[in-house]
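Scroll down for the structure; my scribbles are underneath it.
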Amino acid sequence: MLEGSGVKKLFANNWEKMALWAILIGLFYLLKPFFLLIFETFLITYSTKIVIQWAVNRLKMNYRLAAVIVFLLFVTLLGATSAWIAPKLILESNRIVKDFTGSGDQQTREKINGFVESIVIKVVGEEKAQTIIDSDEYTAMMEVLKTESTIAVKAALPRILETLIHMVKFCWEILFTLILAIIFSFILVMDWQRIAGKMKELEKSRIRSFYIGAAPHLRAFADVLGKAFTAQAIIAICNTLLTAAGIWFFQMPNIALIMTVVFLCGFIPIVGTFLSSIPIMIFGIQTGGLLLVFKLMILIAIVHAFEAYVLNPKITGNVLHVHPILVLVLLLVGERFFGIWGMVVGVPIGYYVISVLTMKDESIASV
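Numbering (our numbering), first residue to last: 896 to 1262.
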């Protein structure tokens, strides 16, 4: 009975594939310290290859000449963007630290006082409001409210500063690995045909069975990952521009810092929405009190409704169809095993694995 069981047949017929997947997952885990470099190299190579191929097919350009021009344009655009945003990030980060460690208490108390007074005036009218504001009960209540709010801000301060420092370190790490990734990508793209030819020779080598088993999956997965992140990058850019326009309309400071946070969080599905909202809310309280926070909440809701109902169906509709519950599960599992990178690549990986498990082998190439 055990011999004819479905489980035993499954293992007997697919042990090579299971061993292959175990090896690939093990390699993936061992390469965890190099995720950032691998990720950036892959994205740059994938995106530049598309542009280069378009130039070769449409403009009839020489492949290597097209590669050089595309990388020169990419580096120029990246350098111009960095030159514009880096000084603003440094100035805004310094100002935030000074605001929180300097006169933050007094500013918080004044803004709470002004916000509550404006609410009282709107509810009961200016004449009655002045009587209420001058009363001892109102003064005592406001003193308690301001004291508790100041204590809450002070308690959150170390965590906020720690997060800011971590973000600055992460940005420098991204910048350093980005330089290496551009170099690696340029070498890969320039020598792509020779590298592809050498990889093809593995079909006749001692690891032929491993290559034949792994190559279709790796090609299909790279295609899914590239398309998914191209779509996610477009959505992140749209979200960043819309959020920046709203923040500029409300005359909030630290636009460059907020744009950077929103853009980076844009690559994390669902959870990124909440992560990017935290600094916006903090700066909103600091700048204009709770009234501005309510306006910013409406702004964020509009931006992400536009993302959910317009951008996602149009841009990612042809790439990934994943239920929000499954997205959250994949994010949770990815973060548990691979940290922040598990949250970034967890959904495309999970989508691909589920696709492979639910379709026939001959359909893998079309995933």
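Note that the Cβ used here is the ideal one computed from N, Cα and C, for glycine as well.
Which residues bound the alpha helix (DSSP H) around residue i?
i, result
"I1090", "W1087 to K1095"
"S1104", "R1103 to F1144"
"K944", "F930 to R953"
"I1163", "It is not in any alpha helix (DSSP H) - I1163 carries neither H nor E in the DSSP assignment."
"K1023", "E1021 to D1029"
Taking the CB atoms as reference points, tell me whether residue i and residue j lie closer together than 8 angstroms.
i, j, result
"L1097", "R1089", "no"
"L1194", "G1161", "no"
"L931", "E1068", "yes"
"L1223", "G1241", "no"
"L919", "A1117", "no"
"M1094", "I1163", "no"
"F1145", "L1187", "yes"
"F1158", "A1196", "no"
"V970", "I947", "no"
"F892", "L1137", "No answer is possible for residue 892: it lies beyond the span of the chain, which begins at 896 and ends at 1262."
"L1191", "C1133", "no"
"L972", "F1105", "no"
"I939", "A1076", "yes"
Leaving out five residues on either side along the sequence, give the residues of the same chain with a beta carbon under 6 angstroms from the beta carbon of residue i.
i, result
"V951", "Y958 and A961"
"L1073", "E935"
"T1168", "H1199"
"E1230", "G1237 and M1238"
"V1039", "none"
"A1024", "V1015 and I1016"
In chain order, what residues of the same chain have a beta carbon less than 7 angstroms from the beta carbon of residue i, not counting five sequence neighbours either side?
i, result
"T1182", "M1147 and P1148"
"L984", "A1151, L1152 and T1155"
"K1079", "Strictly speaking, residue 1079 in this sequence is Phe, with Lys absent from that position. Result list for F1079: T936, in chain order."
"M956", "A950"
"Y924", "none"
"M1176", "V1188 and L1191"
"M896", "With a pLDDT of only 46 at M896, under 50, the local geometry of the prediction cannot be trusted, and no value is derived from it."
"I1180", "V1188"
"A1139", "I1150 and M1154"
Establish whether the CB of residue i and some CB of chain C are separated by less than 8 angstroms.
i, result
"I1028", "Going by chain labels, chain C is absent from the structure shown, which holds only one protein chain."
Going along the chain, which residues of its own chain have a beta-carbon closer than 8 angstroms to the beta-carbon of residue i, five neighbours each way excluded?
i, result
"L926", "I933"
"F1232", "Y924"
"W1282", "Past the edges of the chain, shown from 896 to 1262, lies residue 1282, and the structure says nothing about it."
"S977", "L1070"
"I980", "A1151, M1154 and T1155"
"C1066", "L984 and T1155"
Checklist entry - Is it true that the segment 942-957 meets the segment 1082-1093, where meeting means three or more beta-carbon pairs spaced less than 8 angstroms apart? => result yes
Checklist entry - Do the segment 1107-1124 and the segment 1144-1159 make contact, defined as three or more Cβ pairs closer than 8 angstroms? => result no
Next on the checklist: Whether or not the segment 1169-1176 and the segment 1235-1249 are in contact is what I'm after, with contact meaning three or more pairs of Cβ atoms, one per stretch, closer than 8 angstroms; do they touch?
Outcome noted: no
Item to check | 3-residue-minimum beta strand (DSSP E) runs that sit fully inside the segment 1168-1198, ordered along the chain | outcome: Complete beta strand (DSSP E) runs here, min 3: none at all.
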